[in-house]
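Peer 1: Can you keep this structure in mind? I'll have questions shortly.
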């Protein structure tokens, strides 16, 4: 089942499974990756309550061991549509007996989509419904369609160069960093950048990325609320993921204690956590 919101010129379509954005269309152009399974069968999954991979896909909390697969369970669960107007859609996921078996926290998780002019805002709200502190990570994973040759695209990043990215080691975050040079604040896209998987920027010194197509701005992602960022694609795939994150994969030397996980968020009982990012279509 899907739900669409629109301001007349721009339309966003969200699948209720994972509350996943599957289309962002404006003036006849589609900006979200179509999800072809021969490359990657998703469009824009949400990452909750973990981002990335746990060591051995397990963690411990209060002396108990739990198993959870990469990026968490929210992307595979059906959200309810809590509220809908022409330009706003609010999706809700709550804990149940199945989530409590792998994630022992009572929560309400909302994703709020709002369209205004040439912009889509995606907001997240996590509410702690339990009696103890809730621990979680949260991330977005939008894949943007790049229909022309990959080399015709450039990223504009306003940051003092160079960029330092942490390398993955068996899907876990290592201390090894690689410096990525920019030219006048721009990074030319090349598949060789992603030969060792995603580029991961912890505590990123920048909070916006603009995709240029043939040197002209195509879209901009603003993520001031998010401290971390991932950039990812598959080799030869016609898309790029720009992923604002709170947290990331376990570090190589993790003790696997969930409350001590790098980048973890702590939320006290009855409190709410809020964060949002924006996608602006530059040529819409």
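Numbering (this note's numbering), first residue to last: -5 to 278. Beta carbons: idealized from backbone N, C-alpha and C, even for Gly.
1) Anyone know if the C-beta pair for residue 181 and residue 276 falls short of 8 Å?
2) For the 8 Å Cβ check, are there 3 or more pairs between the segment 265 to 275 and the segment 178 to 196?
3) By alpha-carbon positions, which one of 21, 163, 3, 13 ends up nearest to residue -4?
4) I'd like the list of long-range same chain contacts for residue 262, defined as Cβ closer than 7 Å, with 5 residues on each side in sequence excluded.
5) Say whether the segment 26 to 39 touches the segment 125 to 140, bearing in mind that this needs 3 or more beta-carbon pairs closer than 8 Å, one atom from each stretch.
6) Could you work out which residue in 191, 8, 97, 264 is closest to residue 165 when comparing CA atoms only?
7) Rounding to the nearest angstrom, what Cα-Cα distance links residue 1 and residue 28 in this structure?
8) With a Cβ-Cβ cutoff of 8 Å, do residue 259 and residue 132 count as a contact?
9) Determine the DSSP secondary structure at residue 210, reduced to helix, strand or coil.
10) Just verifying my parser: in three-state terms, what is the DSSP assignment at residue 194?
11) For the beta strand (DSSP E) that residue 59 lies in, which residues bound it at each end?
12) What separation, rounded to the nearest whole angstrom, lies between the Cα atoms of residue 347 and residue 151?
13) On the CB-based measure, 16 or more other CB atoms within 10 Å of its CB, does residue 143 come out buried or exposed?
14) I want to know whether the segment 65 to 83 touches the segment 103 to 114 - three or more CB-CB distances under 8 Å.
15) Considering residue 268, what are the terminal residues of the beta strand (DSSP E) in which it resides?
16) Does the distance from the CB of residue 68 to the CB of residue 94 come in under 8 Å?
17) Helix, strand or coil for residue 144 per DSSP?
18) Where residue 115 and residue 45 are concerned, what is the direct C-alpha to C-alpha distance, given to the nearest angstrom?
19) Who does residue 122 pair with in a DSSP beta bridge?
20) So, residue 219 versus residue 202, is the Cβ gap smaller than 8 Å?
21) Tell me the DSSP secondary structure of residue 285 in three-state form.
22) How would you call residue 257, buried or exposed, if buried means at least 16 neighbouring beta carbons within 10 angstroms?
23) CA-CA distance, residue 162 and residue 230?
24) My assumption, with CB atoms under 8 Å, is that residue 130 sits in contact with residue 8. Please give the rounded CB distance.
25) Start and end of the beta strand (DSSP E) containing residue 159?
26) Per DSSP, what kind of secondary structure is residue 47 in: helix, strand or coil?
27) Using the three-state DSSP reduction, which class does residue 68 fall into: helix, strand or coil?
28) Determine the contact status of residue 255 and residue 244, defining contact as a CB-CB distance below 8 Å.
29) Tell me, which residues are paired with residue 6 by DSSP?
30) What three-state label does DSSP hand residue 149 in the structure shown?
Peer 2: Put simply:
1) no
2) no
3) 13
4) 122, 127
5) yes
6) 191
7) Rounded to whole angstroms, the gap between the alpha carbons of residue 1 and residue 28 is 22 Å.
8) Result yes, Cβ atoms of residue 259 and residue 132 sit closer than 8 Å.
9) strand
10) strand
11) 58 to 61
12) Residue 347 is absent from the model: the chain starts at -5 and stops at 278.
13) exposed
14) yes
15) 266 to 275 is the extent of the beta strand (DSSP E) around residue 268.
16) no
17) helix
18) 21 Å
19) 101
20) no
21) Absent from the model: residue 285. The displayed extent of the chain is -5 to 278, so no value can be given.
22) buried
23) 20 Å
24) Contact flag wrong, Cβ pair sits at about 22 Å.
25) 157 to 163
26) coil
27) helix
28) yes
29) -1, 18
30) strand
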